[in-house]
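In the numbering used here, the protein residues as written are 10 to 62.
Every residue, glycine too, gets a C-beta built ideally from N, C-alpha and C.
For clarity, every value in this text was computed on a predicted model and none was experimentally measured.
Presented below is the structure to which this report refers.
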Amino acid sequence: MDPISLTFYAVICGILSLFAPSLGGRVPRLAIGAVVGIIAATVLPVIRAAVGS
């Protein structure tokens, strides 16, 4: 994994973990994590194109 992807997903996961306890039980946290992961994977190519890498 390249450094940009690694850093991007680390930031996304770190922010999500700040809110995890207040998101409910396991199933809601899993669903929210999946949605955030899909959004992050969709947004990363756009960010990379904007940055030029």
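Closest Cα partner of residue i within the set the options
i     : options             : result
VAL20 : ALA49, LEU32, LEU39 : ALA49
CB contact flag (residue i, residue j, <8 Å)
i     : j     : result
ILE41 : LEU32 : yes
LEU39 : PHE17 : no
Where the alpha helix (DSSP H) containing residue i begins and where it ends
i     : result
GLY42 : 35-60
SER14 : 12-28
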